[in-house]
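Q: Can you keep this structure in mind? I'll have questions shortly.
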Amino acid sequence: MRAGQRTAVALGALAAMLAMPLVVTSGFWMDFLILTLFVGVLGQGWNILGGYGGQLSFGHAVFFGTGAYVQAILQTQYGWNPWLAITPAVLAGVLVGAFIGYLSFRYGLRGSYFALITLAFAEAFRVLATSIEITEGGQGIYLRLNRDPDQAITMLQFASGVGYYYMILALTVVALLVAWWIEHSRFGAQLMAVRENEDAAEALGIDAFAVKMRAICISAALTASAGVFYVQKFLLMDPFIAFGPGKSVEALVAPIIGGMGTIFGPLLGSIVLHGVGELTKALTAAAGIDHPGLDLVIYGILLVLMLAFLPSGLMGLLRRRARPARSAEHA
Amino acid sequence: MDACANLTGHGCGIILASIINGTMTGAVYALVALGLTLIYGVLHIINFAHGTLLMLAMYGVFFLNQIVGVDPYMAMPVILVAAFLFGYGLQRYVIGKTSHGRDEITLLVTLGVSIVIENLALFFFTANERNIRVPYELAGIDLGVTYLLVTQMAAFGAALLITATLWMFMSASDTGRAIRAVAKERQGARLVGINVEHIFALSFGIGTACVGAAAALLAPRFAISPRIGYTFVLIAFTVVVLGGMGSFVGALVGGFIIGIAESVGGLFLGESLGQITISLIFILILLLRPSGLFGEKLR
């Protein structure tokens, strides 16, 4: 496809997504869409650092939770308007990202060691959030419910799913644009060079430390904004949701299944995960089994299978299919 | 007021008691970490599923106790063998087949395995905490500064005994020599006719057996739930990184340090915030000395 065609397809897809609430009217499917896009954004945050930068984080929840907690605390404890809280919340995520990145990259942690230190930071934040007063400890923070339709926009709380849908759709567009920019910018090329071979990249004059720092800050910003969305949608935050392993795992499984280091990988992975997850729930419910956890079993199995047989993810599979067509076009 | 109280706000007796308690737990941490460090030393992979396997083994102990009525300590041989076979199969047929030579990918595969096992446990065993009641759970001796439980002492003694046995096995037996040969020089070991895949799986099995033994020692004192694996894998990573990846002595010393640090940290920071001690030690060691106390210089 040429650039013009691509833009047309992208605009068409966006129009379709904007029109989606006209078609999807059931609350169940609306929630399905919202959660799928949410994990897509979460995964894109991880993908910037892990997929494009090759720095696999096991503790991305640390950015999600920081954004979420700042968004919640500024509203509940200081009476801020949610719109005003967004910037500090995202900046707090970036700050934590810069802090962790500075320490890890300055001390040259790579590969599994970077994964372990992010995990340790997430756990330290979880313990901290459980113990200190401002986060209200283990019981968590509850935002005041405000379902006044006139204040829906100003208070960023919506009675129906449609408002949240457009909110997360906007975030999704931002996340995709960031990934598109990474793929087409000088910075992105440098980041991918660092991923492929850090020493070689440095030999070419790339400041690997600066590149990785930028990547972790952008990654943290996106992930923190997913945290902001989560708080506005669910109106609660506790240490386990914020910094527990759940969000860290979701953030990395979606891009790995969809395709690490691709623009649409995280979103595609999230669609597959949630599709399979809902299918599992529906099937187990039909079979009369009512236990949590089975969908996560499938996530784990998918993760292992993908790593074993398709390390480049579903996008890799699509590309492999697309290649013969492209070469025919050239001939 | 004694000297300790002037310095720290806690009396010497209390501090000593928490050091003793930490030492007892530390021995079991060492045993768990020993399995992890053995797997790392030989296969050069970080096994994220280690804690989950411990959780699974603890359920094994629990059900043997509930259904067959076996005492947790008596269950150890059965769990040990079962854990060994499980670990052997897991490496040979799952993890070994999926690694593409990149250690981060293997780390992700073991993460996937742990997600599957943890949620299967959640599905079959529910999230309810289970406790094993043993008739001697309150038995112990009074040391003056603290009351030492029989279960604590048994865990301490058995963990040390198993560690010593494993050390002797590694240094004196033919299999132990083969394992060390593979750890040092994979290609060379293959050339002299060692079946490297078998040794990999064997090491993974022995590492998992350590966890099986630890499960029997921990089960009488810890509440068992599917999430317990995550707690223990963090502790085990900390011990292993502190001691030095792949180092036996390191795992032992690291286990004691972490056991004591956790217990003393809990005393000074409170039960909730005290848990942060382990994460902070982990972060500091990773940053300042990722090769650990006894580890070789990183590649």
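Protein chains in written order, with the working numbering: chain F, 541 to 871; chain U, 65 to 363.
Glycine included, C-beta positions come from ideal geometry on N, C-alpha and C.
#1: Enumerate in chain order the residues of its own chain whose CB-to-CB distance from U:G105 is below 6 Å, with the five nearest sequence positions on each side excluded.
#2: Output yes or no for whether 8 Å exceeds the beta carbon distance between U:T101 and U:A273.
#3: Is the distance from the Cβ of F:V812 to the Cβ of F:L776 below 8 Å?
#4: List the residues of chain F that U:H262 touches, going by C-beta distances under 7 Å, in chain order.
#5: For U:A91, does the count of other Cβ atoms within 10 angstroms reach 16, so buried, or fall short, so exposed?
#6: Using the Cα positions of F:R542 and F:A548, report the straight-line distance between them to the nearest angstrom.
#7: What separation, rounded to the nearest whole angstrom, lies between the Cα atoms of F:G678 and F:A669?
#8: Could you pull the start and end residues of the beta strand (DSSP E) that U:Y211 belongs to?
#9: If we ignore side chains and look at the alpha-carbon of each, how far apart do U:V142 and U:G115 end up?
#10: Which residues, taken in chain order from the segment 829-859 of chain F, show a beta carbon closer than 7 Å to some beta carbon of chain U?
#11: In chain order, what are the residue ranges of uninterrupted alpha helix (DSSP H) at least 4 long that sit wholly in the segment 116-179 of chain U?
#12: Would you mind sorting F:S759 into buried or exposed? The rule is 16 or more other CB atoms within 10 Å of its CB.
#13: May I ask which residues mark the beginning and end of the beta strand (DSSP E) holding F:G677?
#14: Contact between the segment 592-599 of chain F and the segment 731-744 of chain F: three or more CB pairs below 8 Å?
#15: State the Cα-Cα distance for the pair U:Q216 and U:N85, rounded to the nearest angstrom.
#16: May I ask you to list the residues that DSSP assigns as paired with F:Y682?
#17: Mind listing the chain U neighbours of F:T670? Cutoff is C-beta to C-beta under 9 Å, in chain order.
#18: At least one CB of chain U closer than 8 Å to the CB of F:F783: is that the case?
#19: Could you tell me whether any Cβ in chain F is nearer than 8 Å to the Cβ of U:H114?
#20: Under 8 Å, Cβ to Cβ, is there at least one residue of chain U near F:E676?
#21: Can you tell me which of the three DSSP states U:R291 falls into?
#22: Could you pull the start and end residues of the beta strand (DSSP E) that U:I205 belongs to?
#23: Just tell me which of U:I131, U:E193, U:T229, U:F112 has its CA closest to the CA of U:F312.
#24: Have a look at U:L331, U:I342, U:G276, U:I292 and flag the residue whose alpha-carbon is nearest the alpha-carbon of U:I322.
#25: Taking 8 Å as the cut-off, decide whether the C-beta atoms of F:W623 and F:P795 are in contact.
#26: With 7 Å as the limit, tell me which residues of the segment 633-663 of chain F have their beta carbon closer than that to any beta carbon of chain U; keep them in chain order.
#27: Let me know if U:L282 comes out buried or exposed under the rule of 16 or more other beta-carbons within 10 Å of its beta-carbon.
#28: Per DSSP, which one or two residues make a beta bridge with U:R194?
#29: Whole angstroms is fine: what's the gap from U:I78's alpha carbon to U:A218's?
#30: Return the chain-ordered list of same chain residues with a C-beta closer than 7 Å to the C-beta of U:I103, the five sequence neighbours on each side being excluded.
#31: Let me confirm a value: F:A550 is counted as buried when at least 16 other C-beta atoms fall within 10 Å, else exposed. Which label applies?
#32: Ignore the nearest five residues each way along the sequence and tell me which others in U:T87's own chain have a CB closer than 8 Å to its CB.
#33: Given that F:V667 touches chain U, what residues does it touch there, using C-beta distances under 8 Å?
#34: If contacts are defined as beta-carbon pairs under 8 Å, then F:L683 and F:V771 qualify, I think. What distance do you get, rounded to the angstrom?
#35: Quick check on the DSSP output: the alpha helix (DSSP H) that includes F:M732 runs from which residue to which?
#36: So F:W620 is in the alpha helix (DSSP H); what residue range does that whole segment cover?
A: Judging by the given coordinates:
#1: A247, G310
#2: no
#3: no
#4: The premise fails here: U:H262 is roughly 21 Å from chain F at the closest Cβ pair, so nothing lies under 7 Å.
#5: buried
#6: 10 Å
#7: 7 Å
#8: Per DSSP, the continuous beta strand (DSSP E) segment holding U:Y211 begins and ends at 211-213.
#9: Each residue's alpha carbon lies about 19 Å from the other.
#10: H831, P832, G833, L834, L836, V837, Y839, G840, I841, L843, V844, L847, A848, P851
#11: If we require 4 residues or more, the alpha helix (DSSP H) runs fully inside the segment 116-179 of chain U come out as 140-153.
#12: Under this definition F:S759 is a buried residue.
#13: Neither: F:G677 is in no beta strand (DSSP E) and is coded neither H nor E.
#14: yes
#15: 8 Å
#16: F:L776
#17: S336, L337, Q339
#18: Closer than 8 Å to the CB of F:F783 there is not a single CB belonging to chain U.
#19: no
#20: no
#21: coil
#22: 204-206
#23: U:T229
#24: Of the candidates U:L331, U:I342, U:G276, U:I292, U:I342 places its Cα closest to the Cα of U:I322.
#25: Taking 8 Å as the Cβ cut-off, F:W623 and F:P795 do not qualify as a contacting pair.
#26: L643, Y647, L649, G651, S652, Y653, A655, L656, I657, A660, F661, E663
#27: buried
#28: Answer is U:I288.
#29: 22 Å
#30: I109, N111, S267, F268, G271
#31: exposed
#32: F220, F320, G323, I324
#33: Result: S336, L337, Q339, I340, S343.
#34: 7 Å
#35: Unbroken alpha helix (DSSP H) run through F:M732: 726-736.
#36: From DSSP, F:W620 is part of no alpha helix (DSSP H); its letter is neither H nor E.
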